[in-house]
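Q: First the structure, which I've put down as structure tokens, then a few questions once you've had a look.
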Amino acid sequence: MPPGGSGQGGCPRRPPAMAGPLPPPPPPPPLPLLLGLLLLLGAAEGARVSSSLSTTHHVHHFHSKHGTVPIAINRMPFLTRSGHAGTTYIFGKGGALITYTWPPNDRPSTRMDRLAVGFSTHQRSAVLVRVDSASGLGDYLQLHIDQGTVGVIFNVGTDDITIDEPNAIVSDGKYHVVRFTRSGGNATLQVDSWPVNERYPAGRQLTIFNSQAAIKIGGRDQGRPFQGQVSGLYYNGLKVLALAAESDPNVRTEGHLRLVGEGPSVLLSAETTATTLLADMATTIMETTTTMATTTTRRGRSPTMRDSTTQNTDDLLVASAECPSDDEDLEECEPSTGAVTVVTIVDLKVLWS
């Protein structure tokens, strides 16, 4: 038999087939690619949900302000609370007064105060807001209109200190926003988008507004009653108009006064409504306040106006303690049932630029 032949028929024998190596499995997708795909899917789903929500809630009508033009709002839920820029009251021709009274054992004493309010009026002289200390102390703060412009006067134990904005006429029936801050004897005042006015009185000034007893809105008790519309008033964490609307036991109302929404209201133009939105934005920022019970007071310098206004965000602790006299600037107040207020300050120039 020839070599390599088969035993039958002489056909050459084929060598047995050898199994070759299997091809390697394809590598898994890189981890960054997987993460990218997941992010794309999540973004697509989020866009679908966002589109659905904005389709449903894109346009809001400010019925309580009787705006004539719908305002489109996107991703600003704090502007839509109650459908308007804060609680609004109309003060009639006969004069009216809203008074918030602190309980005797809960009267704050502050080194720093903040006040924000929106209003419209044709009056050239009126008192809008006044805060008084307990009887016999004589500390006070007053926001008023004089010759058609806004001014503030306050006294925390030394002298009357005034600050005003002579360039902004507010007796034109349009909606205006006022923001006031006090730090010791120093103060700032801004009307609408006018530049911020600053006041730094000379000499040594006492700093604490002692034992604040009442906030009064409307000027009826001062013989210069305000007539017009007041919205979203904020003072050191208190929204007095909202408390009045809720019949808070610490609030008393009197005179020709009407809560917007209970009857015919003043018609506002689209321009006025837009300004009202900015007022609500400013007030919302200023009202980001948390009050905590404390039994200690803090010794040290009061925050300067630069500390308060030059940073975009800043948390300040403002001690509130019952100080029976103005001697707290020489010696620390006795501990009492006061409060420490954490105030978040946001640079409002961003909103008004």
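Residue numbers (the UniProt record's numbering): 1 to 353. Don't be surprised by glycine CBs; every beta carbon is placed ideally from N, CA and C.
1. Check for me: the alpha helix (DSSP H) holding Leu206 runs from which residue to which?
2. Does DSSP classify Arg130 as helix, strand or coil?
3. Under a three-way DSSP split, which group does Leu267 fall into?
4. Considering Cα atoms alone, identify which of Ser120, Thr101, Gly94 and Gly92 is closest to Leu238.
5. Which one of Asp113, Gln212 and Thr149 has the shortest CA to CA distance from Asn236?
6. Out of Ser120, Ala96, Thr110 and Phe119, which one is the CA nearest neighbour of Thr181?
7. For Thr290, does the three-state DSSP call read helix, strand or coil?
8. Just to confirm the assignment, what range does the beta strand (DSSP E) spanning Ala245 have?
9. Which same chain residues, not among the five before or five after Glu165, have their C-beta less than 7 angstroms away from its C-beta?
10. Please report the residue range of the beta strand (DSSP E) in which Lys93 lies.
11. Please name the residue or residues paired with Leu233 in a DSSP beta bridge.
12. Is Ala213 helix, strand or coil when you go by DSSP?
13. In its own chain, which residues sit with a C-beta less than 6 angstroms from the C-beta of Leu143, not counting the 5 before and 5 after it?
14. When you compare the CB of His122 with every CB in chain C, is at least one pair closer than 8 angstroms?
A: This is what the structure holds:
1. In the sequence shown, the residue the question calls residue 206 occupies position 206. Careful: Leu206 lies outside any alpha helix (DSSP H) and carries neither H nor E.
2. For this step, residue 130 is matched to residue 130 along the sequence shown. Three-state result, Arg130: strand.
3. Here residue 267 refers to the residue found at position 267 of the sequence shown. Bear in mind that a pLDDT of 38 at Leu267, under 50, signals an unreliable position, so the number given afterwards is only what the model happens to contain. It is coil, neither helix nor strand.
4. Counted from its first residue, the sequence shown places residue 238 at position 238. When each option's Cα is compared against that of Leu238, the closest is Thr101.
5. By one-based count along the sequence shown, residue 236 stands at place 236. It is Asp113.
6. Walking along the sequence shown from the start, residue 181 turns up at place 181. The shortest C-alpha separation from Thr181 is found at Thr110.
7. Along the sequence shown, one-based indexing puts residue 290 at 290. For Thr290, the pLDDT reaches just 30, beneath the cut-off of 50, and the residue's location in the model is therefore unreliable, although a value from the coordinates is still provided. If DSSP states are grouped into helix, strand and coil, Thr290 belongs with the strands.
8. Numbered from 1 along the sequence shown, position 245 holds the residue referred to as residue 245. Going by DSSP, Ala245 is part of no beta strand (DSSP E) but of the alpha helix (DSSP H) stretching over Val240 to Ala245.
9. Numbered from its first residue, the sequence shown carries residue 165 at position 165. Here the set comprises Thr149, Val150, Leu189, Val191, Trp194 and Asn197.
10. Position 93 of the sequence shown, counted from the start, is the residue given in the question as residue 93. Thr88 to Thr101 is the span of the beta strand (DSSP E), which, as asked, contains Lys93.
11. As a working mapping, residue 233 is identified with position 233 in the sequence shown. DSSP output for Leu233 lists no bridge partner at all.
12. For the purposes of this step, residue 213 is identified with residue 213 of the sequence shown, where counting begins at 1. It is a strand residue.
13. As a position in the sequence shown, residue 143 is number 143, starting the count at 1. Answer for Leu143: Leu128, Val129 and Val152, listed in chain order.
14. Within the model displayed, chain C is absent; a lone protein chain is all it includes.
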